[in-house]
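Each remark here refers to the structure printed beneath this line.
As structure tokens, then:
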């Protein structure tokens, strides 16, 4: 009898078949930065990515770190395929993007501040965004991402310990509805797949805006949507982040 055919490399696994697969040895997540024409609803981003055959359920978090840039948190197992699919649409990720660079901070209150003061302020805003985003994930995603962020030094040991103690076994928790972000959205061009990401290179002005098992993050369904929430600190001008609720 001929051996059974090898499993299809296409993903994600349908139904509950992921239950019978080995846990990935490539644990962890990576932030990818992609150019975008302008601010659009997060569900529009997911819809456009699906047109490029990207499984939007594999995107754990979507965030605007600055103008004309989106930050996507993706599981390590999907990074290579994600980049390849984007490249097939003529879209390249922005390499060496630093969300802590003070040039992304445009709060008019800090217009005359020193670079050191602006650096400290954007780090504070970034930390607040990370903390609030983690709290809106559902288990076991929140604990997996929190552990990865701790390994990378994005959150402190004390925050992680408190976070784990508050969310030990909330497998069915769901984030409360939040007020929608007040933002001006641009209508995406529908002339090509993932057209909203075919942005021209950002100028200096564009960079400023005013105003557990990690495999479990993979969604069996690809119709995920977001509750759009601004996580910027009060009176800040850095971009807000939103968790990709599953």
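In UniProt numbering, the protein residues as written are 1 to 246.
Yeah, the Cβ is synthetic: ideal placement off N, Cα and C, and Gly gets one too.
So, at 8 Å on beta carbons, what are the nonlocal neighbours of residue i in its own chain, with the 5 sequence-adjacent residues on each side left out?
i, result
"residue 117", "110"
May I ask you to list the residues that DSSP assigns as paired with residue i?
i, result
"residue 70", "34"
"residue 29", "75"
Do residue j and residue i count as a contact pair if the criterion is CB distance below 8 Å?
i, j, result
"residue 150", "residue 143", "no"
"residue 69", "residue 97", "yes"
"residue 122", "residue 136", "no"
"residue 148", "residue 29", "yes"
"residue 154", "residue 125", "no"
"residue 102", "residue 115", "yes"
"residue 247", "residue 89", "Residue coverage of the chain in this structure runs from 1 to 246, which leaves residue 247 outside it and unanswerable."
"residue 36", "residue 85", "no"
"residue 91", "residue 34", "yes"
To which residues of the same chain is residue i closer than 7 Å at the C-beta, ignoring the five residues directly before and after it?
i, result
"residue 167", "139, 142, 143"
"residue 83", "93"
"residue 127", "none"
Tell me the residue span of the alpha helix (DSSP H) that contains residue i.
i, result
"residue 50", "42-51"
"residue 150", "141-151"
"residue 160", "157-166"
Grab me the residues of residue i's own chain with a C-beta within less than 6 Å of its C-beta, minus the 5 sequence neighbours each way, in chain order.
i, result
"residue 119", "102"
"residue 31", "71, 73"
Kindly provide the ranges of any alpha helix (DSSP H) runs that are 4 or more residues long and lie completely inside the segment 94-138, ordered along the chain. Those alpha helix (DSSP H) runs which fall completely within the segment 94-138 and span 4+ residues are 115-135.
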